[in-house]
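Trainee:
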Amino acid sequence: IIEADVDYVIDCARGTTLEKEGARVHTVEHVLSAIVGLEIDNVLIELNGPEPPIMDGSAYPFVEKIQEVGLENQGIRRNFFELTEGVFYRDPENNIELAALPLSDYRLTVMVD
């Protein structure tokens, strides 16, 4: 089992590759995007190959299939991390700036220059 954790990311050149204890899976970003977008926080995905199907290159086909089969509420209280103040990170060497701000809803804003 490879958890969807940044500590297991070994490559992001042409897709996101995760590896743990010799097991490796490529191009996980589309299926993980669907899972995050649907607010799923407990899922097991079994693969019979080195990567999930590419589908149309987006998360949408995964969203459709997940909604088709439905979700199950496990009746367990979710734990949330709530920011009380802004958190900022800057890496001038790699031209990276990140900011996490307290909000009442889930929102991501990404700018690529």
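Mapping of the sequence shown onto my numbering: position 31 corresponds to residue 83, and the numbering continues sequentially without gaps. Cβ atoms here follow ideal geometry from the backbone N, Cα and C, with glycine treated the same way.
If we count Cβ pairs, one from each stretch, closer than 8 Å, do we get three or more for the region 134–142 versus the region 109–123?
Mentor: no
Trainee: Let's see if you can read the secondary structure: which residues bound the beta strand (DSSP E) around ALA152?
Mentor: Taking the first residue of the sequence shown as position 1, residue 152 is located at position 100. First-last of the beta strand (DSSP E) with ALA152: 148–152.
Trainee: Which runs of the beta strand (DSSP E), 3 residues or longer, sit entirely within the region 116–165?
Mentor: 139–143, 148–152
Trainee: If distances are taken between C-alpha atoms only, which option among ILE148, TYR60, THR79, VAL80 comes closest to GLU71?
Mentor: Numbered from its first residue, the sequence shown carries residue 71 at position 19. Among ILE148, TYR60, THR79, VAL80, the Cα nearest to that of GLU71 belongs to TYR60.
Trainee: Between which two residues does the beta strand (DSSP E) holding ILE62 run?
Mentor: Your numbering for residue 62 matches position 10 in the sequence shown. Here the beta strand (DSSP E) through ILE62 covers 61–63.
Trainee: Is the beta carbon of ILE128 less than 9 Å from the beta carbon of LEU96?
Mentor: If you number the sequence shown from 1, residue 128 lands on position 76. If you number the sequence shown from 1, residue 96 lands on position 44. No.
Trainee: Do SER85 and ALA65 count as a contact pair if the criterion is CB distance below 9 Å?
Mentor: To locate residue 65, count along the sequence shown from 1; it is residue 13. To locate residue 85, count along the sequence shown from 1; it is residue 33. No, they are not a contact pair.
Trainee: Taking all protein chains shown into account, decide if ILE62 is buried (16 or more other Cβ within 10 angstroms of its Cβ) or exposed.
Mentor: Walking along the sequence shown from the start, residue 62 turns up at place 10. Exposed is the call here.
Trainee: Helix, strand or coil: how does DSSP classify ALA86 here?
Mentor: For this step, residue 86 is matched to residue 34 along the sequence shown. Collapsing the DSSP output to three states places ALA86 in a helix.
Trainee: For the beta strand (DSSP E) that GLU55 lies in, which residues bound it at each end?
Mentor: Walking along the sequence shown from the start, residue 55 turns up at place 3. Bounds of any beta strand (DSSP E) do not take in GLU55, whose DSSP letter is neither H nor E.
Trainee: Start and end of the beta strand (DSSP E) containing ALA75?
Mentor: Translated into positions along the sequence shown, residue 75 becomes position 23. First-last of the beta strand (DSSP E) with ALA75: 75–77.
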